[in-house]
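Engineer: First the structure, then my questions, so here it is.
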Amino acid sequence: MIRKNKQFYSKGKLNFLTFANDKYISRANAIEFANRFKHNDEIIVWEFGCGTGQFALNFLDELKNNKEVYKKTQYLLFDFSKKFLASTKKLLSGHGHKNIETVYYEAPDEIPRDKVHYVRMNEFWDDLYADIYTMRKGKVYNIEKKKYESNPGAREFLKLLPDDSSVVLNTSAAKHLFELNKKLVYSGVIDVFDYGFNEIELPFDTSLGFVKREAEHVTYDINFIYMKAFARALGLNVYVEMQDNYVNSVFSGLRAVETEDGLYYMNDNEIKKNKDKLKLRGYSQSFITGAIKEENEYYHMRIWK
Ligand SMILES: C[S@@+](CC[C@H](N)C(=O)[O-])C[C@H]1O[C@@H](n2cnc3c(N)ncnc32)[C@H](O)[C@@H]1O
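Numbering (our numbering), first residue to last: 88 to 392.
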């Protein structure tokens, strides 16, 4: 799977839509970041799965408004696509080379740097290998590896679900978090922006949210329930909220929308201005007027030491 995804990304193709390009979310992040770390002597940031580097560009553009914090920030970008690393370097060249570094890295390996204050990941964990479990003959069966396993965690999880359900446990994301924890300083923070599920809803549709998505590359939904438990087992603090909630905690009145060139947050005026585009995309008149709100599956997971 890693090989397949690496081939896909090494073409440097950008046919995934993520919120990384969205100005509101990177601005919200930069404002909050500056407040949190303003008293540090140094601030080391790691971003994993940087793609084209668009998030980092928007983030640093906003951070520049706070010269003190901007000067102290060292921003490292990790990816296994050399093509993306090269284009990121170019995109960020306006921010100077001294404080920016691109690092070739294949997750969930050990991270080849010493310490970090702030970690950022935008739709990165869902690209990492996960295991999918079900119960067969009263035993835990690993569908991906095609074998029975004694896995108490998977068993406990499957007990909560109707017979024949399957459940994703994000094995490599958990290993990656284990590696991050070794390098995260006390008071350090990890922000994960990704899609998946954070609760088990009833009536339960066994094919909902627990599936591997396989287009040109393989992705897995994040089982935030499992990742929260894993983070707590490492002694870390954690909460999960809707991404909309996060972005609206700094701004307000923003709603998530999808257009042909990406995922964005827009306020009511911006939604009205883009109404023709959004209607073509399938948004209803009542969404545009704000009469109904749409649920989405994008989450923000915050972990801190
Ligand atoms: C869905 S893209 C998201 C890119 C960017 N964060 C964004 O939101 O636009 C996933 C990124 O993770 C990188 N990636 C995927 N699996 C990886 C792995 N095992 N190790 C390192 N990088 C990986 C890909 O090259 C790609 O840049």
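Virtual Cβ for every residue (Gly too), placed ideally from N, Cα, C.
Bear in mind that the values here come from a model prediction, so they are computed numbers and not experimental data.
What three-state label does DSSP hand residue 306 in the structure shown?
Structural biologist: Here residue 306 sits in strand by DSSP.
Engineer: Should residue 257 be counted as a contact of ligand 1 given a C-beta to heavy atom distance under 6 angstroms?
Structural biologist: No; taking the cut-off as 6 angstroms, the Cβ of residue 257 has no heavy atom of ligand 1 nearer than that.
Engineer: Quick check for students: name the residue ranges of the beta strand (DSSP E) that lie wholly in the segment 110-158, counting only runs of 3 or more.
Structural biologist: If we require 3 residues or more, the beta strand (DSSP E) runs fully inside the segment 110-158 come out as 130-135.
Engineer: Using a threshold of 7 angstroms, state whether the C-beta atoms of residue 327 and residue 311 are closer than that.
Structural biologist: Taking 7 angstroms as the Cβ cut-off, residue 327 and residue 311 qualify as a contacting pair.
Engineer: In the DSSP output, what is residue 243 paired with across the bridge?
Structural biologist: Residue 243 is not bridged to any residue.
Engineer: For residue 379, is the classification buried or exposed, using 16 other Cβ atoms within 10 angstroms of its Cβ as the cut-off for buried?
Structural biologist: Residue 379 is exposed by the Cβ-count criterion.
Engineer: Is any heavy atom of ligand 1 found at a distance shorter than 6 angstroms from the C-beta of residue 143?
Structural biologist: False, no ligand heavy atom lies under 6 angstroms from that Cβ.
Engineer: Taking contact to mean at least 3 C-beta pairs separated by less than 8 angstroms, is the segment 241-257 in contact with the segment 212-227?
Structural biologist: Contact holds: three or more Cβ-Cβ distances are below 8 angstroms.
Engineer: Would you say residue 390 and residue 277 are within 7 angstroms of each other, going by their C-beta atoms?
Structural biologist: Cβ distance < 7 angstroms, so residue 390 and residue 277 count as in contact.
Engineer: Are residue 349 and residue 104 closer than 7 angstroms when you measure CB to CB?
Structural biologist: Their beta carbons are under 7 angstroms apart, which means residue 349 touches residue 104 by this criterion.
Engineer: Applying the 10 Å Cβ sphere with the 16-neighbour rule, what's the burial state of residue 117?
Structural biologist: Burial call: buried.
Engineer: Should residue 386 be listed as close to ligand 1, given that the test is whether its C-beta is under 6 angstroms from any heavy atom?
Structural biologist: Answer for residue 386: no, Cβ out of range of ligand 1.
Engineer: Cβ atoms of residue 139 and residue 97: under 7 angstroms apart, would you say?
Structural biologist: In this structure, residue 139 does not lie closer than 7 angstroms to residue 97 by Cβ.
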